[in-house]
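One structure below.
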Amino acid sequence: MKQILIATKNRGKIAEFKQFFATVNVEVVSLLDLEEPVPDIEETGQTFEENAALKAEEIAQMFNITVLADDSGLIIDALDGRPGIYSARYAGEPTDDKANIRKVLDELVEVPASERTARFICVLAIATPGEETLFYKGYCEGTIRTTEKGENGFGYDPIFIPQGYNQTMAELSPEEKNKISHRKNAISQLEKGIHSR
19 MKQILIATKN RGKIAEFKQF FATVNVEVVS LLDLEEPVPD IEETGQTFEE
69 NAALKAEEIA QMFNITVLAD DSGLIIDALD GRPGIYSARY AGEPTDDKAN
119 IRKVLDELVE VPASERTARF ICVLAIATPG EETLFYKGYC EGTIRTTEKG
169 ENGFGYDPIF IPQGYNQTMA ELSPEEKNKI SHRKNAISQL EKGIHSR
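In the numbering used here, each residue's number is its place in the sequence shown (first place is 1) plus 18.
This is how it looks when you write it as structure tokens:
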């Protein structure tokens, strides 16, 4: 079975990637599975692509293997694209999902339901030492609720209603979420890319 190193310590993301890659017979190893701790890579990029590439390339060089890194976030139209690349730390450090959600809801308090359009974005970067880094991108369109609802998922899932649904991402089962999520759509692009190479 092939292995791929996923450059994340986020247990929610690891679980999603494991579920996705199991279907293509690829074993996922995460940074949490390694014997030696990997220092956090500072995300100094100005775009999702730059941040994903920074993580993938640096860790690929460290271990001399192929590494997949993702950078993902929430883009809200009424907030001029914020929180964007700062999604994980929108309310400051240390990162806190609840505080991030409160900040977004506070900033949207005057915005009517019809103007609360948003999308999750996921950019995957695959870095192999000595080769050009490959990028795959996926989106999940939706709207932002005025209050939190649901216990599943992580991040902004409790306030994000995917297009075509009445429930938030956090009310969907992991299986339902994985069919429509930005990460799933990015991985679908990756699968197409792999099959076309």
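The C-beta atom is built at its ideal place from N, Cα and C for all residues, glycine as well.
Here the structure is a predicted model, which is why all the values come from computation and not from measurement.
Discussion item. Beta-carbon within less than 6 Å of residue 201's beta-carbon, same chain only, minus the 5 sequence neighbours each way: which residues are those?
Written reply: So the list reads 34, 140, once near-sequence residues are dropped.
Practice prompt. Look up residue 52 in the DSSP assignment and say whether it is helix, strand or coil.
Written response: In the three-state DSSP reduction, residue 52 falls in the coil class, being neither helix nor strand.
Practice prompt. Can you check the stretch 71-126 for any beta strand (DSSP E) of at least 3 residues that lies completely inside it and give the ranges in chain order?
Written response: Given a length threshold of 3 residues, each whole run of the beta strand (DSSP E) inside the stretch 71-126 is given here in chain order: 85-94.
Item to complete: Verify whether the separation of the beta carbon atoms of residue 177 and residue 123 is less than 8 Å.
Response: Yes, the pair counts as a contact, with Cβ atoms nearer than the cut-off.
Worksheet item: If you check the beta carbons only, do residue 95 and residue 135 fall under 8 Å apart?
Response: Contact flag set, yes.
Discussion item. Considering only the alpha carbon of each residue, which of 211, 159, 166 lies closest to residue 189?
Written reply: Among 211, 159, 166, the Cα nearest to that of residue 189 is on 166.
Practice prompt. Spatial neighbours of residue 119 within its chain, please: CB distance less than 7 Å, with the 5 preceding and 5 following residues excluded, ordered by chain position.
Written response: 166, 174, 176, 177.
Discussion item. I want to know whether the stretch 100-111 touches the stretch 37-54 - three or more CB-CB distances under 8 Å.
Written reply: No, the stretch 100-111 does not touch the stretch 37-54.
Worksheet entry | DSSP-derived helix/strand/coil call for residue 208 | Residue state, collapsed to three classes: helix.
Worksheet item: Using the beta-carbon count (16 or more within 10 Å), is residue 105 buried or exposed?
Response: With 16 or more Cβ atoms within 10 Å of its Cβ, residue 105 is classed as buried.
Item to complete: Measure the Cβ-Cβ separation of residue 58 and residue 142 and say whether it is below 8 Å.
Response: Contact: no.
Worksheet entry | CA nearest to the CA of residue 29, picked from 158, 21, 194, 172 | The option with the nearest alpha carbon to residue 29 is 172.
Worksheet item: How far does the alpha helix (DSSP H) with residue 37 in it reach, from first residue to last?
Response: It spans 29-40 - the alpha helix (DSSP H) in which residue 37 sits, taken as one unbroken run.
Worksheet item: CA-CA distance, residue 161 and residue 195?
Response: Each residue's Cα considered, the two are about 15 Å apart.
Practice prompt. Tell me, please, which residues DSSP counts as bridged to residue 155.
Written response: The partner list for residue 155 (beta bridge, DSSP) reads 141.
Item to complete: Determine the extent of the beta strand (DSSP E) in which residue 250 is found, giving its start and end residues.
Response: Since the first residue of the chain shown is 19 and the last is 215, residue 250 is not available in this structure.
Item to complete: Look up residue 160 in the DSSP assignment and give the residues it is bridged to.
Response: The partner list for residue 160 (beta bridge, DSSP) reads 136, 180.
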